[in-house]
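Enquirer:
Residue numbers (full-length UniProt numbering): 1 to 515.
1) If contact is defined by three or more beta carbon pairs under 8 Å, each pair taking one atom from either stretch, is the region 135-144 in contact with the region 115-127?
2) Under the rule that 16 or more other beta-carbon atoms within 10 Å means buried, what is residue 508, buried or exposed?
3) My guess is that residue 95 and residue 246 are in contact by the Cβ rule of under 8 Å, so how many angstroms apart are they, rounded?
4) What three-state label does DSSP hand residue 49 in the structure shown?
5) Taking only three categories from DSSP, how would you classify residue 291?
6) Counting pairs of Cβ atoms below 8 Å between the region 67-85 and the region 212-224, do you hit three or more?
7) Does the Cβ of residue 232 have 16 or more other Cβ atoms within 10 Å, making it buried, or fewer, making it exposed?
8) Report the option in 229, 340 and 450 whose CA atom is closest to the CA atom of residue 382.
9) Starting from the C-beta of residue 298, find all residues in its chain whose C-beta is less than 6 Å away, skip the five residues before and the five after it, and write them out in chain order.
10) Looking at the structure shown, is residue 464 part of a helix, part of a strand, or coil, going by DSSP?
11) Which residue from 338, 348 and 106 puts its Cα closest to that of residue 371?
12) For the region 112-185, list the beta strand (DSSP E) runs that are entirely contained and at least 3 residues long, ordered along the chain.
13) Short check: CB of residue 444 to CB of residue 419, under 8 Å?
14) Start and end of the alpha helix (DSSP H) containing residue 380?
15) Please check the pair residue 257 and residue 449, which I expect to be a contact at CB under 8 Å, by giving their CB distance rounded to whole angstroms.
16) When you compare the CB positions of residue 234 and residue 115, do they come within less than 8 Å of one another, or not?
17) Using only the alpha-carbon positions, how far apart do residue 131 and residue 422 sit?
18) Have a look at residue 41 and residue 215 and give me their C-alpha separation to the nearest angstrom.
19) Is it a yes or a no for the region 459-470 touching the region 259-272, going by three-plus beta-carbon pairs under 8 Å?
20) List the residues that DSSP assigns as beta-bridge partners of residue 19.
21) Please classify residue 517: is it buried, with 16 or more other beta-carbons within 10 angstroms of its beta-carbon, or exposed?
22) Check whether the region 384-392 touches the region 321-337, counting contact only when three or more Cβ pairs, one atom from each stretch, lie closer than 8 Å.
23) What residues are listed by DSSP as bridge partners for residue 28?
24) Where does residue 448 sit, in a helix, a strand or coil, going by DSSP?
25) Just the Cα atoms here: how many angstroms apart are residue 30 and residue 101?
26) Report buried or exposed for residue 16, applying the criterion of at least 16 other Cβ atoms within 10 angstroms of its Cβ.
27) Is DSSP giving residue 34 helix, strand or coil here?
28) So, does the region 387-400 touch the region 424-440, judging by three or more C-beta pairs under 8 Å?
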């Protein structure tokens, strides 16, 4: 895989790529363990409630696509297999989605030896898991609900059709659309998985033989690889009860996820760059404005000394919240992420002028926005270069626990919830990814759940000059949040920002004409 370079010559650490494959999470009573195997010659395929061990490395090389797909054995054989799953097998992976202590206890009691141990080993030692779903992954510009459903399928599935302890599950719809469920972020960051996907797409478009009529892979198999091995299980009634209990926990969790996949195609990074503002900073300011708008109780504050409404003062409680944006630190060896805090004094000042009915001019609003965006860019660059604050705070927390020192300062700063958690999925990490030549290769990015019970999780991707995708999540159980409402306010915020710049340009032109 091509190494990513910053500005064409500064390499990013590639340490995480190795852990994407052959890695599993093992549940424990106190802590989980991360187990990485040196190599693996097989994957595990889940189809209609059954598990199959499929060899992908044979006779000294990785199998060709045609050897994996069209041979009498391998994937074709799995699709033709109409045998029913064993009792409890279909929902077995729910154990990986429920409580970790319950899974650790069940693993020790029911999967410690014998047939179950052998089958579990096959899954845990696989390079990754493939889920062949028996329903289509649909997308329709005219029907946003289909994209919402698409995102839900890939985020959590049914709660039992993704093996959440593996690094990722490759998900394939019955209509051929493919994506992945990155199951555990301790393995690798989303940017690494995104690069992995772009590399695959480029390889498919430029190097592989392509597809024949009917969607089958081209090429002639050089040999017949080993047949898939059906994994078998001996699941006792107590084990079945443990599976069902974990499934109920998983079902409650996924039913509480309110996901809205919002496509913004009114404009994109092209207009943002015309405004001479970093697209990421522009989007983050739009998110701040949308979050503020998301609360209906916007009322002017009361001056307690005179009991008179203060026209220029606004109650901020519940409006501005601690905001998280992920920034990679892969300029350093084994670097992962640092936190950028987009909610700043500067961003709050700009949002207030956009919301309140004060006398701020267009020029003043644009100036405040430019100041907020410049502050955000500096913070992002500092985070990338190891000058962020949150990883240092975490280090201090670890040291304080080791020394058994109670720190009021750390207790205060680490207790505040991240009610707005955001991240950008990078696009165009592979130089050969030409979206103008292959427009259907545009990705909608990925998403994640909220990290606070009354918060939002917002993942976004700049998919083109005039296209953005947002995955907005919140909890249905929270009366404070609503993902569809947030998407509506985000759309309004983008429109307000564009109108602001267009009006500013018009005023600038008028001034120039007078001069």
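Glycine is no exception: its CB is placed at the ideal position from the N, C-alpha and C atoms.
Expert: Considering the structure as presented:
1) No, because fewer than three Cβ pairs between the region 115-127 and the region 135-144 fall closer than 8 Å, the two stretches do not touch.
2) Here residue 508 is taken as the residue at index 508 of the chain shown, counted from 1. Residue 508 should be labelled exposed.
3) Stepping through the chain shown from its first residue, residue 95 is reached at position 95. Stepping through the chain shown from its first residue, residue 246 is reached at position 246. Indeed they touch by this definition, with Cβ atoms about 5 Å apart.
4) Along the chain shown, one-based indexing puts residue 49 at 49. If DSSP states are grouped into helix, strand and coil, residue 49 belongs with coil.
5) Here residue 291 refers to the residue found at position 291 when the chain shown is read from its first residue. Correct three-state label for residue 291: helix.
6) yes
7) As a working mapping, residue 232 is identified with position 232 in the chain shown. It counts as exposed.
8) The residue labelled residue 382 in the question sits at position 382 within the chain shown. Comparing Cα positions, the closest option is 340.
9) Translated into positions along the chain shown, residue 298 becomes position 298. Caution is warranted here: a pLDDT of 41 is assigned to residue 298, below 50, making its placement in the model unreliable, and the coordinate value is therefore given only provisionally. Within the same chain, residue 298 has no close Cβ partners at all.
10) Within the chain shown, the letter at position 464 stands for residue 464. Strand, per DSSP.
11) The count along the chain shown starts at 1 and reaches residue 371 at position 371. It is 348.
12) Whole beta strand (DSSP E) segments, 3+ residues: 129-132, 168-172 and 178-182.
13) Counting from one through the chain shown, the residue named residue 444 turns up at place 444. Counting from one through the chain shown, the residue named residue 419 turns up at place 419. No, Cβ-Cβ distance for residue 444 and residue 419 is not below 8 Å.
14) Here residue 380 corresponds to residue number 380 of the chain shown, with the count starting at 1. Residue 380 -> alpha helix (DSSP H) spans 362-384.
15) To locate residue 257, count along the chain shown from 1; it is residue 257. To locate residue 449, count along the chain shown from 1; it is residue 449. With a Cβ gap of about 6 Å, residue 257 and residue 449 count as contacting.
16) Translated into the one-based positions of the chain shown, residue 234 becomes position 234. Translated into the one-based positions of the chain shown, residue 115 becomes position 115. Their beta carbons are under 8 Å apart, which means residue 234 touches residue 115 by this criterion.
17) In the chain shown, the residue the question calls residue 131 occupies position 131. In the chain shown, the residue the question calls residue 422 occupies position 422. Straight-line Cα distance between these residues: approximately 28 Å.
18) On the chain shown, position 41 is the one that residue 41 refers to. On the chain shown, position 215 is the one that residue 215 refers to. Computed Cα separation, rounded: 26 Å.
19) yes
20) As a first step, residue 19 is located in the chain shown; it is residue number 19 there, counting from the start. Looking at the DSSP assignment, residue 19 forms no beta bridge with any residue, so it has no partner.
21) In this structure the chain extends from 1 to 515, so residue 517 is not present and cannot be described.
22) The answer is yes - the region 321-337 touches the region 384-392, with three or more Cβ pairs under 8 Å.
23) Position 28 of the chain shown holds residue 28. Answer is none; residue 28 lacks a bridge partner.
24) Position 448 of the chain shown holds residue 448. Residue state, collapsed to three classes: coil.
25) As a working note, residue 30 is residue 30 in the chain shown. As a working note, residue 101 is residue 101 in the chain shown. Looking at the two C-alpha atoms, the distance is approximately 8 Å.
26) The residue given as residue 16 occupies position 16 in the chain shown. Looking at its Cβ environment, which holds 16 or more other Cβ atoms inside 10 Å, residue 16 is buried.
27) Residue 34 sits at position 34 when you count from the first residue of the chain shown. The answer is strand: DSSP assigns residue 34 an E or B state.
28) no
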